[in-house]
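In what follows, a structure is listed as structure tokens, so that the remarks can point back to it.
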Amino acid sequence: MFEINEKVFLTYVFQLPCLLSKNFVESKMNTREKILTTAAFLFQKKGYHATGLNEIIKESATPKGSLYYYFPNGKEELAEATIKLMGDKIQHNIEEELAKNNDPVQAIEELILDLARKFNEKDQENCFSIGLLALETVSISESLRKACIEVYDLWTDTYYQKLVSSGFSSEKSAELSLILQLTIEGAITISLIRNDNTMLIAAAEKIPILLKNK
């Protein structure tokens, strides 16, 4: 599937001042992101199959034509873009949190506790569970399955890079980063099901034990 790199696209657009204004471009990009973040919330709250395009249009307060302009191939294309957007956003948040502390134990522990706080504040954009969407769509869409795998790999690699830079061996980092991803994703999923953050707090408390030996 052909994908547009948004940074390259914006660079190109800004070189055409006679054709498009900056405000016009920003409003278009914001409309697309509004559709995607609304879709992410609804997919997580109601499920992929139970969420209709008309509901996404209504909840995002965007024109119907905008959705079909950005996602002419329909719901599956929209879901794939949603997974990628949320994956990139969360990966950026993970990187920012991990960079705040040189000690990987404290950094990862604080990352999970921050997720727990955001969950209580109902900031569930940062507690988006790829797993819930993946389980619902894995048997019906190869493109969505691959998109979920790419996001998991992206997040896992972020933990891997933090561990390697903190003195863990490459082999140990690969093993631990996978366990971290499984632990955090599992804690988020159960927290969403239970509608409380106790599993995230419990996961954070186990990080010193998990990372005690390099």
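Counted from 1, the sequence shown has number 137 at position 137 by UniProt numbering; the numbering is strictly sequential. Just so it is clear, CB atoms sit at the ideal spot from N, CA and C, and this is done for glycine as well.
Which one of the options has the shortest CA to CA distance from residue i?
i	options	result
K212	I149, Q106, E185, N197	Q106
I140	D153, S177, K75	K75
V151	T198, S165, I83	I83
E96	A147, Y159, S143	Y159
E175	D153, R194, F119	D153
M86	E33, S143, K172	E33
K45	P104, T156, L182, I130	I130
residue 238	L178, Q91, S143	The first residue shown for the chain is 1 and the last is 214, placing residue 238 beyond what the model contains.
R145	E77, Y69, N54, L210	E77
N102	Q181, I35, Q161	Q161
Y70	A99, I35, A40	I35
In chain order, what residues of the same chain have a beta carbon less than 7 angstroms from the beta carbon of residue i, not counting five sequence neighbours either side?
i	result
Y48	A79, L133, E136, T137
G52	none
M199	A187, I190, S191
I57	K64, L67
I184	I112, A203
K206	none
A147	E80, I83, K84
P104	K162, L163, S166, L211
S170	V164
residue 268	Here the chain has residues from 1 to 214 only, and residue 268 is not among them.
In terms of residue numbering, what span does the alpha helix (DSSP H) encompassing residue i cover?
i	result
K206	198-210
G186	170-194
Y69	64-70
N54	53-60
Return the chain-ordered list of same chain residues with a C-beta closer than 6 angstroms to the C-beta of residue i, the five sequence neighbours on each side being excluded.
i	result
N23	At N23, the pLDDT of 42 sits below 50, so the modelled position is not reliable; the number obtained from the coordinates is stated separately. Within the same chain, N23 has no close Cβ partners at all.
Y12	Low per-residue confidence applies at Y12: pLDDT is 32, beneath 50, and the placement is therefore not dependable enough to give any value.
T38	I56, E59, S60
K214	G167, F168
F43	T51, L133
I108	I207
I201	A116
N197	A116, F119, N120, S191
I209	none
Near residue i, which residues of its chain fall below 8 angstroms by C-beta distance, leaving aside the five closest residues on each side in sequence?
i	result
K172	L163, K214
N195	none
K28	The pLDDT assigned to K28 is 49, lower than 50, so where the model puts this residue is not dependable, and the model offers no usable value.
Runs of beta strand (DSSP E) wholly within the stretch 83-156 (minimum 3 residues, chain order): none
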